[in-house]
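Participant:
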Amino acid sequence: MKQHPQTLGEFIISNQKDFEYSSGELTRLLNCIRLAAKVVNHEIRQAGLVDITGTIGNVNVQGEEQKKLDVFANNVFINALTNRNIVCGIVSEENEDFITISGANNAHRNKYVVVMDPLDGSSNIDVGVSVGTVFGIYRRVSPEGTPVTKEDFIQAGNLQVAAGYVIYGTSTILVYTTGNGVNGFTLNPAIGTYYLSHPNIRIPRRGHVYSINEGNYVHFPQGVKDYIKYCQREEDDRPYTSRYIGSMVSDIHRNLLQGGIYIYPKSNEREDGKLRLVYECNPVAFIVEQAGGVATDGHRRILDIKPTDIHQRVPLFAGSSEMVKEAMDFLK
Ligand code: AHM
Ligand code: MG
């Protein structure tokens, strides 16, 4: 009899022993995220059919206009994590402050906090282009039984116990790591089950794709300009192909599978780049490294940066190891 591929649920259970402090909590947490992602996926697939596209009229803490789907996804993830009483706190791109979860069952006793960008790539929502969810999970550092503190959320990325993303693209794929490699699961929408479709993802050491918003070229530091010209030069295995979706999760995912480099550098206009360290760069850096790639801010390993603020921004160079190292040479 043909064996069916492993489901995400089966995979999580069979790998539970990988979690250092396993008590079932992290398993429940991952189950909660995969469920919330299904709800968000369902709503995204209805964009254009129901009143879910467009802006909501609010501006978030980043000064960006919130889309209806941004707010929807944020509520789904927060409610799922709160109602199941699994975590003690959440940081979201859409909320100015961290969220303390207390709840009837004294959630202060829970061990984990979640950081997330519930819907990344917002500018793609209304135009039928893929978007994603990014999340990272930490053990709290404040004492169990007390309310969470900012310190629980501004831990260095190398302390993440798990991280992942969901890409809502031509298919919906959940990719995550607990520090033992990276695996990807594709959602079968007809039955609502994720199947292991991308076991043990390894990023090629080199690729042919560079992903950067070249429209900002004039604002980039000279080293980044030089690297872009290098990518375009006819020499060795170049010119490379330029691919930029404008949705980090999608650009990272493609490069993870096929090889490539993703860059969001600092610029004259954005001193620290655009992407947020805590809930965008750190989870992605953990995954990229676990797949054998490299993630830096151009000089330092992303995962070693100690955040000072939950919404702080940082430049990002992530992807195939040899390509990222090459790009960094141009910044010296
Ligand atoms: P968002 O979290 O507000 O959606 O912003 C993050 C996104 C990334 O997904 C994407 O790579 C980048 O912003 C695109 O920015 P730009 O339009 O400046 O190139
Ligand atoms: Mg984002």
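Residues in the sequence shown are numbered from 0 upward in steps of one, following numbering that gives the first Met the number 0.
Note that CB positions come from ideal geometry on N, CA and C, so glycine has one too.
Every value quoted in this text rests on a predicted model; they were computed, and no experiment measured them.
#1: Per the DSSP calculation, Glu-270 is bridged to which residue(s)?
#2: Roughly how many whole angstroms lie between the Cα atoms of Gly-8 and Asn-30?
#3: Since Pro-282 is in the alpha helix (DSSP H), which residue starts that stretch and which ends it?
#4: Within 8 Å, do at least three Cβ pairs link the stretch 234-246 to the stretch 191-208?
#5: Could you pull out every residue in the same chain whose Cβ sits closer than 7 Å to the Cβ of Thr-99, ignoring the five residues on either side in sequence?
#6: Decide if Asp-250 is buried, meaning its Cβ has at least 16 other Cβ atoms within 10 Å, or exposed.
#7: Residues in its own chain within less than 7 Å of Glu-64 by CB, not counting five upstream and five downstream?
#8: For Ile-211, which of helix, strand or coil comes out of DSSP?
#9: State the CB to CB distance for the pair Met-115 and Phe-97, rounded to an integer number of angstroms; the pair is presumed to be in contact (CB under 8 Å).
#10: Looking at C-alpha atoms only, which residue of Gly-178, Ser-241, Tyr-193, Arg-269 is the closest neighbour of Pro-220?
#11: In the stretch 289-313, which residue ranges form an unbroken beta strand (DSSP E) of at least 3 residues, counting only runs that do not cross its ends?
#12: As an exercise, report each continuous alpha helix (DSSP H) stretch of at least 4 residues that is fully enclosed by the stretch 16-103, in chain order.
#13: Can you tell me whether Asp-116 sits near the ligand GDP, meaning its C-beta is under 6 Å from at least one heavy atom of the ligand?
#14: Could you tell me the boundaries of the alpha helix (DSSP H) in which Ile-136 lies?
#15: Using only the alpha-carbon positions, how far apart do Lys-325 and Lys-331 sit?
#16: Quick check: the Cα distance between Val-342 and Cys-280, rounded to an integer number of angstroms?
#17: Check for me: the alpha helix (DSSP H) holding Tyr-226 runs from which residue to which?
#18: Does the ligand MG have a heavy atom nearer than 6 Å to the CB of Asp-271?
#19: For the ligand MG, is there a heavy atom less than 6 Å away from the beta-carbon of Asp-119?
Facilitator: Answer, in terms of the structure:
#1: Paired residues: Gly-272.
#2: The alpha-carbon atoms of Gly-8 and Asn-30 are separated by roughly 7 Å.
#3: Boundaries of the alpha helix (DSSP H) harbouring Pro-282: 281-289, taken from the DSSP string.
#4: With contact defined as three or more Cβ pairs closer than 8 Å, the stretch 191-208 and the stretch 234-246 are in contact.
#5: Result list for Thr-99: Gly-88, Pro-146, Val-147, in chain order.
#6: Buried, since its Cβ has 16 or more Cβ neighbours within 10 Å.
#7: Cβ neighbours of Glu-64 beyond the five flanking positions: Thr-54, Val-58.
#8: The answer is coil: DSSP assigns Ile-211 none of H, G, I, E or B.
#9: At roughly 11 Å, the Cβ-Cβ gap does not stay under 8 Å, so Met-115 and Phe-97 are not in contact.
#10: Of the candidates Gly-178, Ser-241, Tyr-193, Arg-269, the one whose C-alpha sits nearest the C-alpha of Pro-220 is Arg-269.
#11: Listed in chain order, they are 293-295.
#12: Listed in chain order, the complete alpha helix (DSSP H) runs (minimum 4 residues) inside the stretch 16-103 are 24-43, 67-82.
#13: As presented, the structure is devoid of the ligand GDP, carrying the ligand AHM and the ligand MG as its sole ligands.
#14: Premise fails: Ile-136 lies in the beta strand (DSSP E), 130-138, not in any alpha helix (DSSP H).
#15: The question names Lys, but residue 325 is Glu in the sequence shown. Counting only the Cα atoms, Lys-331 lies some 11 Å from Glu-325.
#16: The structure shown does not extend to residue 342, since the chain is modelled only from 0 to 331, so the question has no answer here.
#17: If you look at Tyr-226, you'll find it in the alpha helix (DSSP H) that goes 221-231.
#18: No, the beta carbon of Asp-271 sits no closer than 6 Å to any heavy atom of the ligand MG.
#19: Yes, since a heavy atom of the ligand MG falls inside the 6 Å radius drawn around the Cβ of Asp-119.
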